[in-house]
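These notes are about the structure you will find just below.
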Amino acid sequence: MTRRILERLAASFAVIFGASTLIFLILNWLPGDTAALIAGEGASEETIVRIRAQLGLGRPIGQQYWDYMVGLLHGDLGHSYATRAPVLQEIAGQFPATGSLALAAAAVAIAVGVPLGVTAAAYRGRLPDQGIQVAGLTLHSIPAFWLGLLAILLFSVRLRWLPVLGGNGFSASVLPVGCLGIAMSVSIQRLVRSGIIEALQEPYVTTLRAKGLRASQIFYVHVLRNVALSTITLLGVLVGELFSGLVVIETLFARPGLGRLAVYAMGNKDIPLVQGAILVTSATYVAVNLLVDLSYAWIDPRIRIAAANEGA
Amino acid sequence: MNARRRALFSSATLAVLLCGALHCSRADREASAASRIRPGGAPAPGGELVFGFDGAAVTEFNLDPEKSAFAPHHRVIRSIVDSLVVAQPGHKFGPWLAKSWEVSPDGRNYTFHLRDDVTFHDGTKFDAEAVKFNLDRVSDPKNALYAVSDIGPYAGSTVVDPTTVRVTFSEPYAPFLANLAKSTLGIVSPTAVRKYGDDFPHHPVGTGPYRFRSFEPAVEIVLDRNPDYKWPPAGAAHSGVTWLDRITFKNVPEEATRVAVLLNGQANAIDLVPPQNVAEFRTSSEYRLLEGELLNQNYSLYLNAKRPPWDDQRVRTAFRDALDLDAAVKTVYLGTFDRAWSPLSPSIFGYDKTLEHTWHAEPEAAARLLDEVGWKKGPDGIRVKDGKPLTVVFVDTQGNREKRLDLMTILRKQLRDTGFDLKLDSQPSGAYLAKVAAGEYDLVAGSLFAPDPDVLRRIHSRKLRTSFAISKVDDPELEALLEAGSQEVDAEKRAAIYAKIQRVVLDRTYAIPTYVLKYNVATSQSVRDVAIDVNGFPVFYDTWIAR
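One line per chain: the protein sequences are A and B, in this order.
Going left to right, the first sequence walks through residues 1 to 312 as the numbering used here numbers them.
Going left to right, the second sequence walks through residues 1001 to 1547 as the numbering used here numbers them.
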C-alpha cells in the first residue's frame, strides 16, 4: 500500500512539473510584451526598456526557465511582475477564499446530487424521476452566470434573505456556494441514478435477493457502495470544472479568489503569477484525484486485496 | 408596483404633463430636479458610505496617484490626495493647496504660493520641497510613472522659500494647470514615498480629506476621515473635516451585481449604472442619480492609415459615411449617452461646437465613393477589388466595457449594408499590444481621460508616439498644429488652433468619435451631496448621510 502511495505521489509530481513547464512555454510563446503592459498605455520606449531590465526579461528563455525551476525547488515561486510582491504571498491571499468556496460547493453537490439520484432511480420512469430529470436538465442548461444573477435578484433584491457582498461570511456564501454546488449536483445526480439502475440488474443483486436480503439492505449496503466508486471518480473530475466555474462566480459576487487572479494575470502576461496560480490549481487537482484513487481501496475490498497481493 | 410607487408614478406623470402644458422652461425643470437632489436638512457628522464601484476584473489596487493609469483607482485616489489647483467650470482654476500662482508671459514658468497650514496623513508638513519632490519624482524616467505624460517639457522646480515654488518648462506648456488639477498629479508625502518604496501603491499618503486605512486585494479599500483636514478646494460646500467617518470602496465589477447591492441595501452608493437602469434611478424617489461628463478623448475608432484599404482617404471617408452613429448610440445606450461630434468631449477647453450636426450617415454617398475607387459589390454583398474582399479587422482587448462591443455589433451590420466586412478580433491585452505595435490591424478603438485638448497630441503626434500608440497618423500639418496648441498661452488663439485640429482629424478621417461618456453615481435617498467634479470624478468631501 505504501508503495502504491509513493508511486502515485511520484506520478503527481510529474504531472505538476509537466503542467508548469507547459504553461511557461505557452506564456512565453504568446505575443505581447510584459514590460509594455506594466508600463501602461502611453509609456515611453525608455520606460519600457527600463522595466524590461528590472524584471530580467532580457535573459534567454532557457535561463529564465532554469532560474524559475531552481527557485521552485527552494520553495520560491518568484515575484509578480505587476506588483513585485512574492507570488506565494499573492496566492496565499486568494487561496482560502477559493478553497473554502470550492469545498463547500462540492459538499452541497454531494448532499443534493446523491439523494436526488437515489430518489430518481427508486422512482424510475415515474413522476418524481421525471421531475428531477427535467429540473436537472434545466439547471444544467442555464449558464452559471445567469443562474447567479437570477439567484441574486430573487433572494437578495426581491426577498432580501441573503446578502450578495460579504466575502467569506456564512450568509454571503450561501448564494455563490449554492449556485456552484447545485449546478455541479446535476452530473452527480445523473451518474448515481444510472449507476443504481445498472447495478440493480447485476447478477449479484439477484443472488442477494435469492438469499432473502431485504430490499433496503441490498440497496444501501451493496448497490450504493458500488455506485460510490464511480461517483467519487466523477467528483475528482468535477474539481477541474469547479475551478473554471469559480472565475464566473467570483466576478459576479465580487469575491476575491484564485480564478480572478489567474485570469487577470494571464491578460497581463504576469508569468510568475500565472504559473503560481496554475501550480496551486494543478496541485489541488492532483491531490484531490490522489485522494480519490486512495479511497478506492477503502471502498472496494477487491482493490485492497489486489494491492496487498502485489506487495507480497 | 406597490401602492406607494404607483402613486409616485402617477404623480410624476402628472407633473410631467403639467410641465408640458405650462410650457415650463428647461431651466425650471432643472431647478426642480436640483431641489429634489438637495432637500433641506443640515448635514450631520458620522456614518459610513459603502460605495460599490466598477473596479473591473483587476485584482491589484494601485493607489499611487502618479503611477496608476487606471480611472477606477483614481476615483478612490481623488479622496486621498489634494492637488495644487482645482478645475472649475468654464475652464477656470481655483486655489487648493496653492493659494495663488503666476504664469510667466512666455508660458514657461509657473510660480505657486502654497498654503502653510497643510500636513500629510503621516504628520509631515506639506511645503515647497514636497511639491518639488513630487514633480521631480514624476519626471524621473527611472520611476516609470504614468503621470510623466502630464508634465510635458518639465525642466525642473525651484524652491524659492518654504511656501513658494517655481516650476520651469523647456518650452511653453499650456496644459499644465489642467493637468495639475488631475489626481494623477495629486501631491503625496515624500517621507512616505521614501519609507514604503515599491510598496507605496499599497500605502498611499496624501493630504486629502480621507486617509487610507486598509485594503483587501480585489475586494475593497477603506478610507477614514482625516481628522486634521481644513484645506478643501475652492467651491466646497463646507470647510473643516468631512462629515463621513469612513468610506468603503467595494469593487463590484459586474454591473447587475452593482445595481443589486444598492437595491438590497448592502451599498448606499454605486457608480457606472448601466443604461437599462439609468431611467429607473432618474425617476425613483428612493434613489438619486448624478451624472457628469467624464472629460476625455471620446471613445473613437482609429483607422490604420498605414495600410490598404485605409491608405486611400476616400475609402476612409466612405467608411465613416456608412456608419449611422445616431441610431447606433441611441440603440445601445438607450438615450443615456449622446453621440459624439468631435474627438473631444464637449466640456473640454477648445471643443468646437460648430461641428455638431455636421456629419451624419450617408450610405448612398459611401456606396458611390467606393464604386468610384473600384470597390464593387460582390455576389455576397461584400465589396471586392482585384479579387480581394473589403474586409476590415477590428482588434480589441477591452471586451464589452461601456457596451463597446454591443456598439461595434450594430456598426458591423450597418457597414455590411454598404459592403464592408468588419471582423472582430478579441485578444488578451498582451497580444493586442503586440498587434498594435506591429500595425497588424485595420481598426482599433480607445478613449483617454484627460482634462485638456492636448490629449490629441498624446494620441496623434508622431514625435511623442511609442510603437503601441493607437493612431498611426503621419501628417506634418497636424503635427505642427498639435505642437502649436500645446505651446499657445493665449486662450482665444489656443481654442482656434484646436478647432482646426478637430476638423483635420474628422475631415481626413483619422479617427471617428462615437459617444460622449457620462460618469454616473446612484445613491440611496439618505446619501446627500456626493459630487462629480469638473473632470468627471466622484468627490465625497461634502457627503453626509441623513438619518
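From the three backbone atoms N, C-alpha and C, an ideal C-beta is built for every residue, glycine too.
C-beta neighbour in chain A for residue i, strict 9 Å
i, result
"N1535/B", "no"
"Q1266/B", "yes"
"E1048/B", "no"
"F1394/B", "no"
"K1182/B", "no"
"A1256/B", "yes"
"L1263/B", "yes"
"G1152/B", "no"
"G1052/B", "yes"
"D1452/B", "no"
"F1468/B", "yes"
"E1216/B", "yes"
"V1241/B", "no"
Min CB distance residue i to chain B below 9 Å
i, result
"Q94/A", "yes"
"N268/A", "yes"
"T34/A", "yes"
"S171/A", "no"
"V157/A", "yes"
"V164/A", "yes"
"E90/A", "yes"
"G236/A", "no"
"A283/A", "no"
"I48/A", "yes"
"G276/A", "no"
Of the residues the options, the one placed nearest residue i, counting alpha carbons only
i, options, result
"A1174/B", "E1483/B, A1499/B, Y1515/B and F1468/B", "E1483/B"
"I1348/B", "A1328/B, K1092/B and V1118/B", "K1092/B"
"V1076/B", "F1051/B, F1394/B and P1089/B", "F1051/B"
"N1226/B", "A1469/B, R1494/B and G1046/B", "G1046/B"
"I1247/B", "G1419/B, G1381/B, A1267/B and D1064/B", "A1267/B"
"R1416/B", "V1455/B, A1318/B and R1213/B", "A1318/B"
"K1142/B", "L252/A, R260/A, E46/A and N268/A", "E46/A"
"L1334/B", "D1442/B, L1464/B, R1194/B and V1273/B", "V1273/B"
"A183/A", "P128/A, I110/A, T251/A and R209/A", "I110/A"
"L1063/B", "L1262/B, R1458/B and R1211/B", "R1211/B"
"G75/A", "V280/A, L200/A, I48/A and I299/A", "V280/A"
"A1279/B", "V1259/B, L1294/B and E1293/B", "V1259/B"
"V1188/B", "F1126/B, G1240/B and Y1154/B", "F1126/B"
"D1454/B", "S1149/B, V1329/B and W1310/B", "S1149/B"
"P163/A", "R1401/B, K1463/B, F1540/B and G1265/B", "G1265/B"
Same chain, Cβ closer than 6 Å to residue i, neighbours up to 5 away in sequence not counted
i, result
"G1152/B", "Y1173"
"D1425/B", "V1393 and V1395"
"R225/A", "none"
"A1021/B", "Note on A1021/B: pLDDT 31, under 50, position unreliable in the model; the coordinate value appears next. Hits under 6 Å: none found."
"A308/A", "none"
"G1585/B", "In the structure as shown, chain B begins at 1001 and stops at 1547. Residue 1585/B is therefore absent and cannot be evaluated."
Residues of its chain near residue i, where Cβ-Cβ distance is below 7 Å and the 5 sequence neighbours each way are ignored
i, result
"A283/A", "I16"
"V1473/B", "A1305, H1460 and Y1510"
"S12/A", "V286 and L290"
"L1290/B", "N1520, V1521, V1530 and I1532"
Sequence-distant residues of its chain with Cβ nearer than 8 Å to residue i (five each side left out)
i, result
"K1132/B", "S1157, T1158, V1159 and V1165"
"E1286/B", "S1524 and Q1525"
"I278/A", "A19, S20, I23 and A262"
"W1231/B", "D1082, W1096, L1097, R1115, D1117, V1118 and T1207"
"A107/A", "G181"
Endpoints, the beta strand (DSSP E) within which residue i is located
i, result
"L1443/B", "L1443 to F1449"
"L1564/B", "Beyond the ends of chain B as shown, which are 1001 and 1547, falls residue 1564/B; an answer cannot be given."
"G18/A", "Premise fails: G18/A lies in the alpha helix (DSSP H), T2 to W29, not in any beta strand (DSSP E)."
"Q971/B", "The first residue shown for chain B is 1001 and the last is 1547, placing residue 971/B beyond what the model contains."
"L1289/B", "Y1287 to E1293"
"G1094/B", "K1092 to P1095"
Enclosing alpha helix (DSSP H) for residue i [first to last residue]
i, result
"R1246/B", "Element bounds for R1246/B: not the alpha helix (DSSP H) but the beta strand (DSSP E), R1246 to N1251."
"D67/A", "I61 to L73"
"T281/A", "I271 to I299"
"R1115/B", "Neither: R1115/B is in no alpha helix (DSSP H) and is coded neither H nor E."
Check: residue i C-beta below 8 Å from any heavy atom of the ligand SAH
i, result
"R260/A", "You won't find the ligand SAH in this model; it holds no ligand whatsoever."
Residues of the region 1423-1442 of chain B in Cβ contact with chain A at a cutoff of 8 Å, in chain order, please.
P1428, S1429, G1430, A1431, Y1432, L1433, A1434, K1435 and A1437
Which residues, in chain order, does the region 2-26 of chain A contribute to contact with chain B at a C-beta distance below 7 Å?
Within the region 2-26 of chain A, no residue has a Cβ that lies closer than 7 Å to any Cβ of chain B.
Which residues, taken in chain order from the region 129-163 of chain A, show a beta carbon closer than 8 Å to some beta carbon of chain B?
Under the 8 Å Cβ criterion, the region 129-163 of chain A contributes L149, I152, L153, S156, V157, R160 and P163.
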